[in-house]
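J.:
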Amino acid sequence: MASMLPSSSSEPPSPTRSPKGTLRGGKRESCAACKHQRRRCSSGCSLAPYFPASEADMFKIVHGLFGICNVLKILEQATDELKADAMRSVKYEAIIRQLHPVHGCKGIVYDLCRMLTEESEKLKLLKTQLAICKSQNGNQIRGSITNGNEMPTGESDLYLYDL
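Note that my numbering gives residue 863 to position 76 of the sequence shown, counting from 1, and the numbers run on in steps of one.
1) Roughly how far, in whole angstroms, is the beta-carbon of Arg827 from the beta-carbon of Ser841, given that I think they are within contact range, below 8 Å?
2) Can you list, in chain order, the residues of its chain whose CB lies under 6 Å from that of Tyr837, leaving out five sequence neighbours each side?
3) With the cut-off set at 9 Å, would you say Arg884 and Cys892 are in Cβ contact?
4) CA-CA distance, Asp867 and His887?
5) Please identify the residue among Arg825, Asp844, Ala819 and Lys911 whose C-alpha is closest to the C-alpha of Ser833.
6) Can you give, in chain order, each stretch of the alpha helix (DSSP H) that sits fully within the region 856-941 and has at least 4 residues?
7) Got a sec, what are the start and stop residues for the alpha helix (DSSP H) Leu852 sits in?
8) My output table needs one value for Ala835: the three-state DSSP class, helix, strand or coil.
9) State the Cα-Cα distance for the pair Leu859 and Gly894, rounded to the nearest angstrom.
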């Protein structure tokens, strides 16, 4: 209920943010990981580039699945060039695991493989049907030539024979 009360003019104005994630006056805004742990974010915080303060919900999801120690281990094992990709992968895995708690990413890969197999079978069937149509069309052309019928000369009839 206290938040519904009008603010008094004696309260200091809230600090404004600069574009680089620091507050005016040189203070740095805590990253989502440090906010979650309720500690001050140091300039050497290894999670700050990957979990800015605006991604607090994402950090909670990642923390719930992996834990801070495991995320830090993943960062330590990754080369500098791959750290951003590793964190993107960790975030993706956490989101998918939240959406599909039983199988996670493996379930999605399985579904995509199944869909690919089904579509490949459909393509194979269509190619077979196309080959049958081509052979039937070729037989009709040969039959009309042997019966003394002339080949069609109109442009509208030619498209049938260009298969």
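In this text, a Cβ means the ideal position worked out from N, Cα and C, and glycines have one as well. Quick caveat: nothing in here was measured; it's all calculated off a predicted structure.
T.: According to the data block:
1) Wrong, their Cβ atoms sit about 18 Å apart, outside the cutoff.
2) Met874
3) yes
4) 31 Å
5) Ala819
6) 870-886 and 891-933
7) Ala843 to Leu852
8) coil
9) 26 Å
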